[in-house]
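Here's the structure, in structure tokens; my notes come after.
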Amino acid sequence: METPHIPVLLEEVLESFNGVPQGYFVDCTLGYAGHSSEILKRYGYLKHIGIDRDEEALAFSEKRLEPFKDRSRLFRGTFATVIPALKEAPVTALLADFGVSSLQLDKKERGFSFDSDTLDMRMDASLPLSAYDVVNTYSKEKLEYIFDVYGEVRSYKKLAAAVVEARSKAPVTTAKAFSEIIKKVIPSGGKIHPATLPFQAIRIEVNNELGEIEGLLDAIEAKHYNGEVVSLITFHSLEDRLVKNRFRKWSLECICDPHAIRCTCGKNHALGKALSRKPVVASKEERKRNPRSRSAKLRSFRFKCDS
């Protein structure tokens, strides 16, 4: 059974879990089980927990993981809420791929693509807030904040004004129409489509993506296990910054005030260490084979074993 989504950095993810102790592997962003199926093949001693909020993805993955049904359990929900409630232990390997799946991007009815005839962008279709609501009901000031902070759009004020002006004449009902508004403010000609960053901003708001990542990192910090390896794949600077800063915090031996004259904490507070100083990125061959891997960054952290 072929996956409709190509898992990024697959070999690198598999290698990051090399030597993990026996226990549970948690795929926080199961998607279409591309990563999970390969990890279950390679690490036959691991049991599996898959989490996703997309019903369509879960239904597909249940069939895909049929050969491993005795070792696998699937949960519907957000990883930030499911992880703290898990009874299964110990978790020795945990993966999250924060990217939008190829199927979500390619299915026009999901409203993620620039030429879609809908304006949705919900990863969980049962959620009340959609991209339509954000684009058509948020104040100019709130749109400015989203475009600036979540999209890092340089002309965020101009874009927010253009959206407000357009919707005053008629509701913006499609991603295609939203793209056309963006193109009038952000001209084509760069390396990426002019709608890429504004769409990213709206998608983050709709799905509370940064809040979910913070929630996951909090849950891992509160409930980590001896020798557990956490591998997280990010796709833009906002996500990567959250992960990098948290890994840095977990690696700190000294937690004294930086202005303290001398250390009084004992310098033994590190929870473990990052497996690489810099993020792992896709090879030239993978980027050519799967262009969506170009912005992927993998960071892995191993929690130390208590003596």
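In terms of our numbering, the sequence shown is numbered consecutively and its last residue is 326.
Glycine included, each C-beta is placed from N, C-alpha and C at the ideal position.
### Message
Only counting the same chain, and skipping five residues up and downstream in sequence, which positions put a Cβ closer than 7 Å to that of L216?
### Response
If we look at L216 and ignore the five residues flanking it on each side, its Cβ neighbours are G170, E171 and V172.
### Task
Select from D167, A194 and K202 the residue whose C-alpha is nearest the C-alpha of A181.
Ranking the options by Cα distance to A181, first place goes to K202.
### Supposed close pair L235, A112 - CB separation, criterion 8 Å
L235 to A112, Cβ: 15 Å. No contact.
### Message
How far does the beta strand (DSSP E) with H362 in it extend, from its first residue to its last?
### Response
Missing from the structure shown is residue 362; the chain here goes from 20 to 326 and no further.
### Message
For N226 and F166, I'd like the C-alpha separation in whole angstroms.
### Response
15 Å
### Query
Which same chain residues, not among the five before or five after S314, have their C-beta less than 6 Å away from its C-beta?
Cβ within range, chain order: F254.
### Query
What's the gap between the Cα of I200 and the Cα of A185?
Here the C-alpha atom of I200 lies approximately 8 Å from the C-alpha atom of A185.
### Query
In or out: T283 buried (at least 16 other Cβ within 10 Å) or exposed?
exposed
### Task
Decide yes or no for the touch test of the region 135-153 against the region 270-281: beta carbon pairs closer than 8 Å, at least 3 of them.
no
### Segment limits, beta strand (DSSP E) that includes I70
K66 to D71
### Query
Can you tell me whether C47 is buried or exposed, with buried defined as 16 or more other CB within 10 angstroms of its CB?
Under this definition C47 is a buried residue.
### Message
For the pair the region 315-323 and the region 289-299, tell me if three or more CB-CB distances fall below 8 Å.
### Response
The answer is yes - the region 289-299 touches the region 315-323, with three or more Cβ pairs under 8 Å.
### Inter-residue CB distance, F117 and I232 (contact presumed, cutoff 8 Å)
7 Å
### Task
Determine the contact status of F133 and Y244, defining contact as a CB-CB distance below 8 Å.
no
### Query
Cα-Cα, which of N155, Y175 and K177 is closest to K188?
N155
### Task
Using 10 angstroms around the beta-carbon of G69, count the other beta-carbons present and answer buried if the total reaches 16, otherwise exposed.
buried
### Query
If we ignore side chains and look at the alpha-carbon of each, how far apart do S55 and S174 end up?
40 Å
#### Entry: Simplified DSSP state of V253, which is helix, strand or coil
It should be noted that the sequence gives Thr, not Val, for residue 253. Note: T253 maps to strand in three-state DSSP.
### Message
Can you confirm whether the region 32-44 touches the region 60-74 when touching is taken to mean that 3 or more C-beta pairs between the two stretches lie within less than 8 Å?
### Response
The answer is yes - the region 32-44 touches the region 60-74, with three or more Cβ pairs under 8 Å.
### Query
By Cβ distance, which residues of its chain are closer than 7 Å to K177, with the 5 residues on each side in sequence left out?
V204
### Query
Exposed or buried, which one is S312 when buried takes at least 16 other CB atoms within 10 Å?
buried
### Message
Whole angstroms are fine: how far does the CA of G53 sit from the CA of G285?
### Response
One C-alpha to the other measures close to 44 Å.
### Best match in S145, A179, K303 and S270 for proximity to Y157 [C-alpha to C-alpha]
A179
### Query
Between which two residues does the alpha helix (DSSP H) harbouring R306 extend?
K303 to R308
### Task
Mark G50 as exposed unless 16 or more other C-beta atoms lie within 10 angstroms of its C-beta, in which case mark it buried.
buried
#### Entry: Residues near D71 in its chain [Cβ-Cβ closer than 6 Å; skip 5 each side]
L49 and L77
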